[in-house]
Amino acid sequence: MAKNFSQVVQDMFDKKGEYGDIVRSIDEMIENPPELISWGPAVDAQIGGGVPEGSWIIVSGAPKIGKTTQVLSFCVNAQKQGRKICWLCPEERFSQQNMKIAGLDTSPENFYVIASSEAKILDNEDWFKIADAFIKENPRGVLVFDTISAMASGKVIASGVAASADMGKKNSTANTFVEGIRAFVRVNKCVVICIAQVYTNVGGYGGELSEKVPMAVKHQADTWMCASNTVPSPWVVNRRIGVGDKCVEQIIGQKITWKIKTSKRVDAFILNPKVESFFEFGKGTARTYE
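Just so we're aligned, residue 43 is where the sequence shown starts under the numbering used here, counting upward by one.
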């Protein structure tokens, strides 16, 4: 009697039964969906209920509009599920002020911050090696590049302006990283977040602004959110002061208008919906308000 094809494939790689089920049914995949991590009520509603584990996210936008704060707020939600965080700092601007998010566990065993030191300036190959190790050794972990736009090759670090056009090397290293790690991200149920800056597009093709993101990462992204506001947008509320009727305006946070460029929701890809998200200084995403 001929073997079932599933068994044939399984036996090709795993005659001793050590590797688990390589061949899976569609029913099994439907019955065991990936766990979702909430970004915030407003964004969750547009991306299918939250960020699924095993996925890649690009978060792009102009400087100082709140990208880092919103990603940290997402990390709080991930930590509630018992996930470790690894925060890579190629931009070298991550500060103690950024960490002031309610509920964020910054203990060294749960939140790793990686940055260059006086003895070692990390180049893009170093960053990707660290990222590779974290994904493989920390199932269900969350890896953040802050920002992937700021990563530089060893040649650029050593030669400065003289090697400023060395983008090809960066893309090549990113391609190798994505190709080698994509299966581990899914199997280990991790999440990779790539924060990216936007720049004026001087190439003459596409829109006025362009994200500096390696092409392999763009292709791999399951969710891509781009802030459509190009300057910080304060969140202003009227608050009553004292015992009288006097109200004053107070800035309590920032508002970001996200354009969902890519999502696993089909209609998000077609419609590119925009959604307003709010975060309060020192507290993170304003879940109740949203």
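Backbone N, C-alpha and C define an ideal beta-carbon position, used for all residues, glycine too. These figures come from a predicted structure and were not determined experimentally.
For this session: State yes or no: is the C-beta of residue 113 within less than 8 Å of the C-beta of residue 237?
Result: yes
Problem set entry | Beta-carbon proximity of residue 228 to residue 183, cut-off 8 Å | no
Problem set entry | the segment 102-110 touching the segment 64-84, judged by at least three CB pairs closer than 8 Å | no
For this session: Report yes or no: do three or more beta-carbon pairs, one from the segment 88-102 and one from the segment 149-160, lie closer than 8 Å?
Result: no
Problem set entry | Whole alpha helix (DSSP H) elements within the segment 62-98, 4-residue minimum | 68-73 and 83-89
Exercise. According to DSSP, is residue 302 helix, strand or coil?
Worked result: strand
Problem set entry | Helix, strand or coil at residue 193 [DSSP, three-state] | coil
Exercise. Would you report the Cα separation of residue 216 and residue 281, rounded to the nearest angstrom?
Worked result: 48 Å
Problem set entry | Top-ranked residue by Cα proximity to residue 186, from 213, 225, 122 and 102 | 102
For this session: Select from 190, 267 and 50 the residue whose C-alpha is nearest the C-alpha of residue 319.
Result: 267
Exercise. Within this structure, are the beta carbons of residue 93 and residue 317 separated by less than 8 Å?
Worked result: no
Problem set entry | Option in 221, 91 and 291 with minimal Cα separation from residue 257 | 221
Exercise. Residue 167 and residue 145 look like a contact to me (Cβ under 8 Å); what is the Cβ gap, rounded to whole Å?
Worked result: Not quite, the Cβ-Cβ distance comes to about 35 Å (not below 8 Å), so this is no contact.
Exercise. Are residue 115 and residue 324 close, meaning C-beta to C-beta below 8 Å?
Worked result: no
Problem set entry | Distance between residue 70 and residue 296 (C-alpha atoms, nearest Å) | 42 Å
Exercise. What runs of the alpha helix (DSSP H), each 4 residues or longer, lie entirely inside the segment 254-290?
Worked result: 257-262
For this session: With DSSP as the reference, label residue 236 as helix, strand or coil.
Result: strand
For this session: Can you have a look at residue 46 and say buried or exposed, based on whether 16 or more other CB atoms are within 10 angstroms of its CB?
Result: exposed
For this session: Along the beta strand (DSSP E) that carries residue 179, what are the first and last residues, could you check?
Result: From DSSP, residue 179 is part of no beta strand (DSSP E) but of the alpha helix (DSSP H) over 166-179.
Problem set entry | DSSP beta-bridge partners of residue 130 | 156 and 187
For this session: Hey, could you find the ends of the beta strand (DSSP E) residue 319 is sitting in?
Result: 316-322
Problem set entry | Proximal residues to residue 147 (C-beta, below 7 Å), its chain only, five neighbours per side dropped | 121 and 153
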